[in-house]
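*Asks:* Dumping the structure here so I can ask a few things about it.
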């Protein structure tokens, strides 16, 4: 599958594990290979999974990022799921993972990920995007360059505009 | 007033380019309506009964003559020759074609205006006191802070998709004219004992289905920290606000659910990470923005004008206007003039293109080229020389803006209602029109005195009916329009939520209901007591008893066209009250 990573379209071989109807976080089988598991699976099967180096974790929009406080350094990939594109909790989750928990690895947006939200996602700390598969990924990539200047500080710009540049002054 | 620099221009231009592309993808079918809806709302574009409606931001209600002329141009070129000023100091155009929207935004950008975040589940346009900078009771001018907050909230990446809409109001005066108690965040600029400037912060106020008066979360946040502080409030809301039920998604529900102490604890825990950090406002930035709001070149004038005083004695109509529509100014020899957009026969807040041009001329001639929009849906010339008042009165009268009714019964606050809005259960504008026509006698209105009548077409409460001294709410019962009446609501420093007096009425009964409420007031009042004060003193019972004592005729003459709700057919192609028809 193709994803966008660091502003380029690349081949990706991670599998995202989603629980099916009868699965529970305790019982679901995490297959070998590169798997991004739900946070609740990681928490339930931590002892069994902790030696695996090919593991990522994903957070639902209702999950708390602080739940990863102890483990964050061991993950090279963390994903945040957008169940609907209009559910904006994932933006704060991403911001907190980067700014409060100091996460430096790949941060990937999964789920209902659409071009028109990707500029905001990039600002709060996402550097990888798995756009919805019915959309053209080449078009989606354009969403990352909608704006060349922004007012606020966030994960991408540590300073607000008024500390970044010398701004216009009133005349007369 | 604030002027865009190259960065403001670039952000707005890039936003328009982005939206232009989104519109073309919608028109080609690449974007589905459910994906496009959120995008168009955040650019101010609603889909109403007849057409798209474009809501343009007038940040904190401040605009200039060139911007007013642009509204006239938009009205003529893209709409039906008129626009509608709203209770949140915006302007709406009701007959917009989707394919024209990007070009309209482009034209607006040439006069430094936009429609960013005037709708949608995001931080909306910041509203403020229409007398900011000129009011006698002002402690600190709130406009520089309002502009700083406008920029902070515009396209904020973390808060574009909140559980629900989020509204700020800010005031810097002793008397709150910005309804701060019924906003998601209400800010009052204050000075502490040391003379330092900061904000009293209310959170979780709001109207709609569950009206709530905001609760104080902090009595003093130093001005430098206001961005980081409100950012923490919104961050807590974004994480914990309910998303499962549209009617329970506003921050007021979260504040109630957690309790103010726990909510404050969450906010302060978050704030500890950002307080004093890069988003702390610098003195340089405050000075830069404040420089746009320095006082205009006032002249040294006497405190009063002999000609005005003489005319007040000789001319009752002028005296009425002076009493109701002219407000004191902090600079000697000046006054602020409210242009009433409420006269019998006209939808409250509606202005034609021709009138817009005329108002722009008045602003240039009498008030340094600037105008304000009030949340009561009127316009203000803030800096008028007292010696110009008589002449301005004549001009305003000729244009139809000198109805001496500011703060009186016919200064009705009203939403667009069922004639335009697909959410409405009832026709607010025709009802406002009926009430205004029933109570058109200016002597009677002056005798009744200060009273606020607010008419909302549905529970979303765009006309703030909960805080009207008399509030009327359109409700739908089995496909028929009914009107629920409440009394005792109030905005300002003593904000309160009105109480429903009993079962609902038909359209044709409302003028009589209002007449009976006023009759009780006239019987019960002390000398100069306002309606609201009488309600507070004697209670609600005498009003209820009298209104329901005998049956009320349903006067069909007032109710007009039989009306069916959307989905069962639109009653007429175009609203019959529109100035065009």
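Protein chains in written order, with the numbering used here: chain A, 173 to 344; chain B, 52 to 632. No residue lacks a Cβ here, since even glycine has one placed at the ideal position from N, Cα and C.
Quick check on residue 143 of chain B: does DSSP put it in helix, strand or coil?
*Replies:* Translated into the one-based positions of the second chain, residue 143 of chain B becomes position 92. DSSP places residue 143 of chain B in strand when its eight states are reduced to three.
*Asks:* For a quick check, are the C-beta atoms of residue 145 of chain B and residue 67 of chain B less than 8 Å apart?
*Replies:* Residue 145 of chain B sits at position 94 when you count from the first residue of the second chain. Residue 67 of chain B sits at position 16 when you count from the first residue of the second chain. Cβ distance not < 8 Å, so residue 145 of chain B and residue 67 of chain B don't count as in contact.
*Asks:* Could you run through the segment 302 to 330 of chain A and flag, in chain order, every residue whose CB is less than 7 Å away from some CB of chain B?
*Replies:* Going along the segment 302 to 330 of chain A in chain order, one finds 318, 319, 320, 321, 322, 323, 324, 325, 326, 330 with a Cβ nearer than 7 Å to chain B.
*Asks:* I'd like the span of the beta strand (DSSP E) that includes residue 254 of chain A, first residue to last.
*Replies:* Start at 1 with the first residue of the first chain, and residue 254 of chain A comes out as number 82. Residue 254 of chain A -> beta strand (DSSP E) spans 249 to 254.
*Asks:* If you run the structure through DSSP and keep just helix, strand and coil, what is residue 183 of chain A?
*Replies:* As a working mapping, residue 183 of chain A is identified with position 11 in the first chain. Reduced to three states, the DSSP call for residue 183 of chain A is strand.
*Asks:* For residue 222 of chain A, is the classification buried or exposed, using 16 other Cβ atoms within 10 angstroms of its Cβ as the cut-off for buried?
*Replies:* Residue 222 of chain A sits at position 50 when you count from the first residue of the first chain. The residue is exposed, with fewer than 16 neighbouring Cβ atoms inside 10 Å.
*Asks:* Could you check where the alpha helix (DSSP H) with residue 290 of chain A kicks off and where it finishes?
*Replies:* Working through the first chain from its first residue, we reach residue 290 of chain A at position 118. From DSSP, the alpha helix (DSSP H) with residue 290 of chain A extends over 287 to 296.
*Asks:* Against chain A, does residue 200 of chain B count as a neighbour if the rule is that its beta carbon must be under 8 Å from one of theirs?
*Replies:* The count along the second chain starts at 1 and reaches residue 200 of chain B at position 149. Not closer than 8 Å to any Cβ of chain A, the Cβ of residue 200 of chain B fails to qualify, so no.
*Asks:* Check the C-beta distance from residue 265 of chain B over to residue 256 of chain B and give it rounded, since I have them as a contact under 8 Å.
*Replies:* Counted from its first residue, the second chain places residue 265 of chain B at position 214. Counted from its first residue, the second chain places residue 256 of chain B at position 205. The pair is a contact, with the Cβ atoms about 3 Å apart (cut-off 8 Å).
*Asks:* Between the Cα of residue 128 of chain B and those of B:155, B:111, B:107, spot the shortest distance and give me the residue it belongs to.
*Replies:* Looking up residue 128 of chain B in the second chain gives position 77. Cα-wise, what sits closest to residue 128 of chain B is B:155.
*Asks:* Leaving out the 5 sequence neighbours to the left and right, which residues in its chain are closer than 7 Å to residue 109 of chain B when beta-carbon positions are compared?
*Replies:* Here residue 109 of chain B refers to the residue found at position 58 of the second chain. Excluding residues within five positions, the ones whose Cβ falls inside 7 Å are 140, 141, 142, 424.
*Asks:* Any idea what DSSP makes of residue 407 of chain B, helix, strand or coil?
*Replies:* To locate residue 407 of chain B, count along the second chain from 1; it is residue 356. Residue state, collapsed to three classes: helix.
*Asks:* Please list the segments of the alpha helix (DSSP H) lying wholly inside the segment 150 to 216 of chain B, counting only runs of 4 or more residues, in order along the chain.
*Replies:* List check, alpha helix (DSSP H) in window: 152 to 160, 194 to 204.
*Asks:* Residues of the segment 277 to 302 of chain B with a CB closer than 7 Å to any CB of chain A: list them in chain order, please.
*Replies:* Here the close residues are 286, 289, 290, 294.
*Asks:* Rounded to a whole number of angstroms, what is the C-alpha to C-alpha distance between residue 516 of chain B and residue 540 of chain B?
*Replies:* On the second chain, residue 516 of chain B is found 465 positions in, with the first residue counted as 1. On the second chain, residue 540 of chain B is found 489 positions in, with the first residue counted as 1. Approximately 8 Å, taken between the alpha carbons.
*Asks:* Distance check for residue 344 of chain B and residue 191 of chain B, CA to CA, integer angstroms please.
*Replies:* As a position in the second chain, residue 191 of chain B is number 140, starting the count at 1. As a position in the second chain, residue 344 of chain B is number 293, starting the count at 1. Taking the straight line joining both Cα atoms gives about 12 Å.
*Asks:* Would you please state the rounded distance, in angstroms, between the beta carbons of residue 597 of chain B and residue 403 of chain B? I believe it to be under 8 Å.
*Replies:* For the purposes of this step, residue 597 of chain B is taken as residue 546 along the second chain, with counting starting at 1. For the purposes of this step, residue 403 of chain B is taken as residue 352 along the second chain, with counting starting at 1. That belief does not hold up - the Cβ atoms of residue 597 of chain B and residue 403 of chain B are roughly 40 Å apart, past 8 Å.
*Asks:* Listed in chain order, which residues of the segment 221 to 240 of chain B have Cβ atoms closer than 9 Å to some Cβ of chain A?
*Replies:* Under the 9 Å Cβ criterion, the segment 221 to 240 of chain B contributes no residue.
*Asks:* Tell me which residues share the same chain as residue 582 of chain B and place their Cβ nearer than 6 Å to its Cβ, disregarding the 5 neighbours each side in the sequence.
*Replies:* Counted from its first residue, the second chain places residue 582 of chain B at position 531. Closer than 6 Å at Cβ, skipping near neighbours: 502, 520, 572.
*Asks:* Looking at the unbroken beta strand (DSSP E) that takes in residue 73 of chain B, where does it start and where does it end?
*Replies:* The residue labelled residue 73 of chain B in the question sits at position 22 within the second chain. Residue 73 of chain B -> not in any beta strand (DSSP E); alpha helix (DSSP H) instead, spanning 57 to 78.
*Asks:* Short of 7 Å Cβ to Cβ, which residues in the segment 322 to 342 of chain B face chain A?
*Replies:* Under the 7 Å Cβ criterion, the segment 322 to 342 of chain B contributes 324, 329, 330, 333, 336, 339, 342.
*Asks:* For residue 257 of chain A, which of helix, strand or coil comes out of DSSP?
*Replies:* On the first chain, position 85 is the one that residue 257 of chain A refers to. Coil at residue 257 of chain A, not helix or strand.
*Asks:* Return the chain-ordered ranges of every beta strand (DSSP E) run that is complete within the segment 314 to 359 of chain B and spans a minimum of 3 residues.
*Replies:* None, since the segment 314 to 359 of chain B contains no complete beta strand (DSSP E) of that length.
*Asks:* Determine which residues of the segment 229 to 255 of chain A have a Cβ less than 8 Å from any Cβ of chain B, and write them out in chain order.
*Replies:* Answer set for the segment 229 to 255 of chain A: empty.
*Asks:* Decide if the segment 439 to 447 of chain B is in contact with the segment 180 to 195 of chain B; the criterion is three or more beta carbon pairs, one per stretch, under 8 Å apart.
*Replies:* Not touching, per the Cβ criterion.
*Asks:* Does residue 332 of chain A get closer than 8 Å to chain D when you measure Cβ to Cβ?
*Replies:* You won't find chain D in this structure, because its protein chains are A and B.
*Asks:* Does residue 535 of chain B come out as helix, strand or coil in the three-state DSSP assignment?
*Replies:* The count along the second chain starts at 1 and reaches residue 535 of chain B at position 484. Residue 535 of chain B falls in the strand class under three-state DSSP.
*Asks:* Flag this pair as yes or no: are the beta carbons of residue 312 of chain A and residue 293 of chain A separated by less than 8 Å?
*Replies:* Sequence index remark: in the first chain, residue 312 of chain A carries index 140 (1-based). Sequence index remark: in the first chain, residue 293 of chain A carries index 121 (1-based). Not a contact, by the Cβ cut-off of 8 Å.
*Asks:* Okay, do the segment 217 to 227 of chain B and the segment 356 to 373 of chain B touch, 3+ Cβ pairs below 8 Å being the bar?
*Replies:* Short answer: they don't touch.
*Asks:* Just grab the DSSP bridge partners of residue 106 of chain B for me.
*Replies:* Residue mapping note: residue 106 of chain B aligns to position 55 of the second chain, counting from 1. For residue 106 of chain B, which the question treats as bridged, DSSP gives the partners B:143.
*Asks:* Which residues of the segment 258 to 289 of chain A have a Cβ closer than 7 Å to any Cβ of chain B? Give them in chain order.
*Replies:* Listed by position, the residues of the segment 258 to 289 of chain A near chain B (Cβ gap below 7 Å) are 258, 259, 260, 261, 263, 264, 267, 272, 286, 288.
*Asks:* Smallest Cα separation from residue 161 of chain B: which of B:60, B:486, B:291?
*Replies:* The count along the second chain starts at 1 and reaches residue 161 of chain B at position 110. Nearest of B:60, B:486, B:291 to residue 161 of chain B, Cα basis: B:60.
*Asks:* At the level of alpha carbons, what is the spacing between residue 321 of chain B and residue 209 of chain B?
*Replies:* Indexing the second chain from 1 puts residue 321 of chain B at position 270. Indexing the second chain from 1 puts residue 209 of chain B at position 158. Straight-line Cα distance between these residues: approximately 14 Å.
*Asks:* First and last residue of the beta strand (DSSP E) that includes residue 452 of chain B?
*Replies:* Here residue 452 of chain B is taken as the residue at index 401 of the second chain, counted from 1. Run containing residue 452 of chain B: none; DSSP gives neither H nor E here.
*Asks:* Return the bridge partner residues of residue 230 of chain A from the DSSP annotation.
*Replies:* Position 58 of the first chain, counting from 1, holds the residue named residue 230 of chain A. A:210, A:251, per the DSSP bridge assignment.
*Asks:* Please return the same chain residues whose Cβ sits closer than 8 Å to the Cβ of residue 616 of chain B, not counting the five positions on each side in sequence.
*Replies:* As a position in the second chain, residue 616 of chain B is number 565, starting the count at 1. Reliability of the predicted coordinates at residue 616 of chain B is poor, the pLDDT of 33 falling under 50, and no value is obtained from them.
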